[in-house]
Every structure is written in C-alpha cells, then in structure tokens.
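K.L.:
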C-alpha cells in the first residue's frame, strides 16, 4: 500500500530529526507539572483540568509537528518525485496525516499514566470522563493535524506553515467567545464552530454524536482542501 | 509532444513545440539556460500541465492517463529529489514501494541498480553525508529503479567531476539499450557524445531537430583546414601566403618558431593542389588538420538572433 509507504517514511523522518523527541519531551514535562500542581492545589481526583490544559498545549505543539509535512517536500524538490511517481495526492496527504496522527496517539498515550495513578489511589475515581476526555483528545488531535497539514501544503516555508496553522487553530479555539457577546444567530454559528466548546463537552463526560461528527467533518474538510491544493500545484 | 505551449502567467516558456522520440533512442534537449528544457520535461512527466497542445508517453496521454504515464516513467529532475535524512537503502526501498514493486522484486532491483551505479558500499550511508556525485547517482538509481520504458534526465551530469561525468555518460549510453532516454543539457559535447538525435531549443521554440552528424554537416559550410608552418625568414606572412595560396585566411598567429592559420576554400578537392604548391614553394608543414564544425558553432549559429533573421 502506497499510503503506508508514505506513512512509514514520514514516521521515520520524525525520528531522524530531533523534532519529535523535543515535542515529546516538552509536552510530557509540562503535562507532568500540570498534573502535580493541579492535584496538590485542588486535592481532587479529577483529570478534567489537566486534560483541558493538555489540549491547549497540544494546540501549540501540533503546528510544529505538521509544518514540515509538505513544506519540506516543496523546499527540497522531493515533491517533484512524489507527483511524478504513480502516487495520488490523496495517498500523499492521507499517508502524511496518518503518520502524524500515529505520533500524536503515542504522545497522548504516554499521559495515560496519570488516570492510572489517580485510579490506583482513589477508591471512587470515575473513569467515565477519562474515557470520554481521551476520545475528545483523539478527535481534537485529528482536527489539529488536518488543519496543520493543509497549512503546510500552502507554502514551502515551514515557519509560515506553522503560523498559519497556529492562527487557524487559535481562531477555532476562541470562536466560542462570540456566543457570549452576540446573543443572535451569528454568535450561535460561531459558537458552533468552536473546537474548544465541543472538546469541553467531552471533558464533562458527554460523548455527543454531533460533536464526534463535527470533528470528523472538520478533519476531512481540511484534508480534502489539502489534497486540492496539492492537485492545484499541477495546474499552475 | 504536439504543439505544446506553456505560459507561466504571461511569460511564454514553450511555444508550440512538437517532438517525437523513437523507442530506444537517446534524444538530447539542448539549449541555453531558460530555453524551456526543464518545462518540456516537466510536462512530459506530468508535473505541470501544458497550457495547450498534447503530449503522450508510451502511448498514454500525460493529461488523460497521467497515472499510466507515471508508471512507465523514470525522472531525474535538475535537483535530485532526495530525502537527506534517509539512508540510501531506506530511500530506494521507499521509492520501490511508491513505484509499486512487490517486496521480492524491490530487493532485486535495488541490488541490481546499486551494482550498476557503484552504490553498493553506500547503501547504509545517510544521503545527506554523500558527495554530490554520489547523490546524483542515487538520483539516477531512483529514476531507473522500476525499470521504466522512458527515462527523463534533466541535466544528469551537472556538478560532477570529469571522471564521474564520463562514467555517467557511458552509463546513459548503456541504459539506452533497455530504455528510451530524453536528456537535457546545456553542455554541447555531452550531446555529441551520448545522443543519437538532438533537439535545439531557444526561447521556448525548437530551432533544429536532427542527428548529431547531420547537424555537424549542416554547420560546416566551406571546408576549413588548420595549418601550422615552420617559420621562414623574410616578409609579411599574410602577403606570402596570400600570394601562394590564393585562399581565405583566418586566425593567423605568428610565433617565433611557427605560424598558425586557418585556410578556407570553396571545394575540398582544391586543397590537394594547394598543399602541393605550398610544399613545392619550400613551406615546411608542421601540422595539417581538417576543422570540423562543432555543435558549438551550430548552436551559436542557430541561437543568435542575426542568423535567424537571415534564415527568415
């Protein structure tokens, strides 16, 4: 399968450079610190604040993981190789998406130690919100990566790609604020687009199929756009 | 390629270019920088579309059956498309995977290609640490890995040292037994050494298409001989030679020991008589050699504006 060939190559590339290691190390350090501080200050066996903060840090970190995905290929002319070999833009984009997504899954899997610690010390620790919270985190990651991947197809400059994806994600994160300001349909629409509001529901233990579908559509939309951009390079 | 035109915004990179490559042929695309060689190759490899006109590779249209074309094509772009952080082995394996080679065949081909390109010992090395010549070879290995019908090579010898250039050229010649090859270059001797047919492109237009031998003949014009004579005392060389030879003289160089110049006559057979006459007159010949028109001359003749006006 050519998708898996590309996925494998991308995963290797993450670990050939120090990027993956540094993102992993700094993320785990911050999350560990958060877990400790929140636990000490609240004395409550709840994972919700940590997962909320972890999502925000992942939003900052994911552009670093996604920025090189296509930009680097453009810069080093290897895109010429991919587009002149019998590989479709669909396979290129999905291969790259899966590689980054697998990396992301490993990254959040490494935080599973914290709910395990809590459940082993607390007799009435509720695992429900943890499950739903992690489902939310996985869906959120897919959304982060797809938008970042799209941004990466736009430019051969990695910094620009990172900034576009960071700006885009931040905007979708804070769209929900409009709901409190405009008490009308406009505010409602923006509120519905807020990835943060929808993620927050997962943290409260609610797995709403509407939210799941929103994240899936969000992800597929950006991946589709990324494929179109890659195809359009051929037209210009 | 038929009537292919390519615009980059308002810049016309190719202007209704038509060319045909026979199976097993080495076609050289020759032209100064910016002539449209790379653009033509990119259209053939489905990397960019033509603004108008059509192109087919191995019977498939590059636009309609792009995937089939890409399956049958090996392409070495100007900058070899290498992942610098990968090892040669993992890179070639990846190429094999996206080129749809099954695992067993992939190993065989990687072995075969590395053998042929002298890359065997470099398989475990990281591409970024290889010298430019070896990177070029890895690029070539990438292009021929899947045994494509057609190989398209964009300036394959750029940046190599003279030994490597000779190696790569003989390799390309060798490859033409199994593949149809299109290569581009702005180095003239390369074309005469490797290609069976030449297309000269300038400013997006085809100026000439012919075999190397025919082009040389076409550029030759009047026969020219280069002559070196032993020095002889007394008088102006030009006058002396003029009197005896009655031929056109060019590039006269007077040295203490010898005099060098080029002689031009209308007909080749006139030279025999002239040389006999000169010898009888006491001239001592040090060197006599025919001057062949090089592709360089032809190239300059075809691409310089004046000549084209004359032709028109």
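Protein chains in written order, with the numbering used here: chain A, 2 to 237; chain B, 32 to 343.
Just so you know, even glycine gets a beta-carbon here, dropped at the ideal spot from N, CA and C.
Quick one: what's residue 235 (chain A) bridged to in DSSP?
P.N.:
For this step, residue 235 (chain A) is matched to residue 234 along the first chain. Answer is none; residue 235 (chain A) lacks a bridge partner.
K.L.:
Determine, for residue 13 (chain A), whether the minimum Cβ-Cβ distance to residues of chain B falls below 8 Å.
P.N.:
Indexing the first chain from 1 puts residue 13 (chain A) at position 12. Closer than 8 Å to some Cβ of chain B, the Cβ of residue 13 (chain A) qualifies, so yes.
K.L.:
For residue 45 (chain B), would you say it is in contact with chain A, using Cβ-to-Cβ distances shorter than 8 Å as the test?
P.N.:
As a first step, residue 45 (chain B) is located in the second chain; it is residue number 14 there, counting from the start. It does not: the Cβ of residue 45 (chain B) has no partner Cβ on chain A nearer than 8 Å.
K.L.:
Give the straight-line distance between the Cα atoms of residue 179 (chain A) and residue 95 (chain A), rounded to the nearest whole angstrom.
P.N.:
Mapped onto the first chain, residue 179 (chain A) falls at position 178. Mapped onto the first chain, residue 95 (chain A) falls at position 94. Roughly 33 Å between the two C-alpha positions.
K.L.:
Could you check whether residue 75 (chain A) and residue 11 (chain A) sit closer than 8 Å to each other, using their CB atoms as the reference points?
P.N.:
Locating residue 11 (chain A) in the first chain gives position 10, counting from the first residue. Locating residue 75 (chain A) in the first chain gives position 74, counting from the first residue. No. Outside cutoff.
K.L.:
I want to see whether chain B comes within less than 8 Å of residue 17 (chain A), judged by CB atoms only; does it?
P.N.:
The residue you call residue 17 (chain A) lines up with position 16 of the first chain. Using a Cβ-Cβ cut-off of 8 Å, residue 17 (chain A) counts as an interface residue toward chain B, since at least one Cβ of chain B sits closer than that to its own.
K.L.:
May I ask which residues mark the beginning and end of the beta strand (DSSP E) holding residue 290 (chain B)?
P.N.:
For this step, residue 290 (chain B) is matched to residue 259 along the second chain. From DSSP, the beta strand (DSSP E) with residue 290 (chain B) extends over 289 to 295.
K.L.:
Could you give the DSSP three-state label for residue 284 (chain B): helix, strand or coil?
P.N.:
Walking along the second chain from the start, residue 284 (chain B) turns up at place 253. Strand at residue 284 (chain B).
K.L.:
Below 7 Å, is the gap between the Cβ of residue 8 (chain A) and the nearest heavy atom of the ligand NAP?
P.N.:
Judged by which ligands are present, the structure shown has none, so any question about the ligand NAP falls away.
K.L.:
Pick helix, strand or coil for residue 168 (chain A), following the three-state DSSP scheme.
P.N.:
As a working note, residue 168 (chain A) is residue 167 in the first chain. The answer is helix: DSSP assigns residue 168 (chain A) an H, G or I state.
K.L.:
So what does residue 241 (chain B) bridge to, in DSSP terms?
P.N.:
The residue labelled residue 241 (chain B) in the question sits at position 210 within the second chain. Answer is B:229.
K.L.:
Report the rounded CA-to-CA distance for residue 38 (chain A) versus residue 32 (chain A), giving the unit in angstroms.
P.N.:
Within the first chain, the letter at position 37 stands for residue 38 (chain A). Within the first chain, the letter at position 31 stands for residue 32 (chain A). If you take the alpha carbons of residue 38 (chain A) and residue 32 (chain A), they lie about 10 Å apart.
K.L.:
Can you list, in chain order, the residues of its chain whose CB lies under 7 Å from that of residue 143 (chain A), leaving out five sequence neighbours each side?
P.N.:
Walking along the first chain from the start, residue 143 (chain A) turns up at place 142. Once the five neighbours on either side are set aside, the close Cβ partners of residue 143 (chain A) are 102, 216 and 220.
K.L.:
Which ranges does the beta strand (DSSP E) cover as unbroken runs of at least 3 residues, wholly within the region 80 to 147 of chain B, from first to last along the chain?
P.N.:
Listed in chain order, the complete beta strand (DSSP E) runs (minimum 3 residues) inside the region 80 to 147 of chain B are 83 to 85 and 104 to 107.
K.L.:
Out of B:146, B:179, B:116 and B:64, which has the shortest C-alpha to C-alpha gap to residue 85 (chain A)?
P.N.:
What you label residue 85 (chain A) is simply residue 84 of the first chain in a count that begins at 1. It is B:179 whose Cα lies nearest to the Cα of residue 85 (chain A).
K.L.:
Identify the contact partners of residue 179 (chain B) in chain A, using a Cβ-Cβ distance below 8 Å as the criterion.
P.N.:
Locating residue 179 (chain B) in the second chain gives position 148, counting from the first residue. Within 8 Å Cβ-Cβ: nothing; residue 179 (chain B) doesn't reach chain A, min ~10 Å.
K.L.:
So, does the CB of residue 104 (chain B) fall closer than 8 Å to a CB anywhere in chain A?
P.N.:
If you number the second chain from 1, residue 104 (chain B) lands on position 73. Interface residue, yes.
K.L.:
When the distance is taken between beta carbons, is residue 182 (chain B) closer than 8 Å to residue 217 (chain B)?
P.N.:
In the second chain, residue 217 (chain B) corresponds to position 186, counting from 1. In the second chain, residue 182 (chain B) corresponds to position 151, counting from 1. Cβ atoms of residue 217 (chain B) and residue 182 (chain B): not closer than 8 Å.
K.L.:
Check whether chain A comes within 8 Å of residue 125 (chain B), counting only Cβ atoms and requiring the distance to be less than that.
P.N.:
On the second chain, residue 125 (chain B) is found 94 positions in, with the first residue counted as 1. Yes, because at least one Cβ of chain A sits closer than 8 Å to the Cβ of residue 125 (chain B).
K.L.:
Taking Cβ positions only, does residue 226 (chain B) come closer than 8 Å to chain A?
P.N.:
Reading the second chain from its first residue, position 195 is the one you call residue 226 (chain B). So, not an interface residue.
K.L.:
Figure out for me which residue from B:283, B:242, B:235 and B:79 has the closest Cα to the Cα of residue 258 (chain B).
P.N.:
On the second chain, residue 258 (chain B) is found 227 positions in, with the first residue counted as 1. Checking every option, the nearest Cα to that of residue 258 (chain B) belongs to B:283.
K.L.:
If the cut is a Cβ gap below 7 Å, which residues of chain A does residue 79 (chain B) touch?
P.N.:
Locating residue 79 (chain B) in the second chain gives position 48, counting from the first residue. Those are 235, listed as they occur along chain A.
K.L.:
Between residue 115 (chain A) and residue 36 (chain A), what straight-line distance do the alpha-carbon atoms span, to the nearest angstrom?
P.N.:
To locate residue 115 (chain A), count along the first chain from 1; it is residue 114. To locate residue 36 (chain A), count along the first chain from 1; it is residue 35. Their backbone Cα atoms lie some 7 Å apart in a straight line.
K.L.:
Within the region 79 to 145 of chain A, note down every full beta strand (DSSP E) run reaching 3 residues or more, in order along the chain.
P.N.:
none
K.L.:
With residue 1 (chain A) as the anchor, note down where its alpha helix (DSSP H) starts and where it stops.
P.N.:
No answer is possible for residue 1 (chain A): the residues shown for chain A start at 2 and end at 237.
K.L.:
Could you please give me the residues that DSSP links to residue 257 (chain B) through a beta bridge?
P.N.:
Here the question's residue 257 (chain B) lines up with position 226 in the second chain. When DSSP reads this structure, residue 257 (chain B) sits in a beta bridge with B:293 and B:320.
K.L.:
Please classify residue 8 (chain A) as buried or exposed, where buried requires at least 16 other C-beta atoms within 10 Å of its C-beta.
P.N.:
Sequence index remark: in the first chain, residue 8 (chain A) carries index 7 (1-based). Its Cβ being crowded by 16 or more others within 10 Å, residue 8 (chain A) is buried.
K.L.:
Using DSSP with H/G/I as helix, E/B as strand and the rest coil, what is residue 188 (chain B)?
P.N.:
On the second chain, residue 188 (chain B) is found 157 positions in, with the first residue counted as 1. Three-state DSSP puts residue 188 (chain B) in coil, outside helix and strand.
K.L.:
So that I know if they touch, is there some Cβ in chain A lying closer than 8 Å to that of residue 98 (chain B)?
P.N.:
Residue 98 (chain B) sits at position 67 when you count from the first residue of the second chain. Answer yes: the Cβ-Cβ gap between residue 98 (chain B) and chain A drops below 8 Å somewhere.
K.L.:
Buried or exposed: where does residue 277 (chain A) fall if 16 or more other Cβ atoms within 10 Å of its Cβ makes it buried?
P.N.:
Summary: the structure shown does not reach residue 277 (chain A), with chain A confined to residues 2 through 237, and so no result is reported for it.
K.L.:
Mind checking residue 184 (chain A): buried by the 16 CB within 10 Å criterion, or exposed?
P.N.:
Here residue 184 (chain A) is taken as the residue at index 183 of the first chain, counted from 1. Exposed, because fewer than 16 other Cβ atoms sit within 10 Å of the Cβ of residue 184 (chain A).
K.L.:
Could you give the first and the last residue of the continuous alpha helix (DSSP H) run that contains residue 70 (chain B)?
P.N.:
As a working mapping, residue 70 (chain B) is identified with position 39 in the second chain. Taken as a continuous stretch (DSSP letters only), the alpha helix (DSSP H) holding residue 70 (chain B) covers 68 to 75.
K.L.:
Do you know how far the Cα of residue 111 (chain B) is from the Cα of residue 170 (chain B)?
P.N.:
The sequence position of residue 170 (chain B) within the second chain is 139, counting from 1. The sequence position of residue 111 (chain B) within the second chain is 80, counting from 1. The straight-line gap from Cα to Cα measures roughly 5 Å.
K.L.:
Since residue 71 (chain A) sits in a beta bridge, which residues does DSSP pair it with?
P.N.:
Position 70 of the first chain, counted from the first residue, corresponds to residue 71 (chain A). None, per the DSSP bridge assignment.
K.L.:
Measure the C-alpha to C-alpha separation of residue 214 (chain A) and residue 238 (chain B) and round it to an integer number of angstroms.
P.N.:
The residue given as residue 214 (chain A) occupies position 213 in the first chain. The residue given as residue 238 (chain B) occupies position 207 in the second chain. Computed Cα separation, rounded: 60 Å.
K.L.:
Taking 8 Å as the CB-CB cut-off, is residue 88 (chain A) touching chain B?
P.N.:
Within the first chain, residue 88 (chain A) is the residue found at index 87, counting from 1. It does: the Cβ of residue 88 (chain A) has a partner Cβ on chain B nearer than 8 Å.
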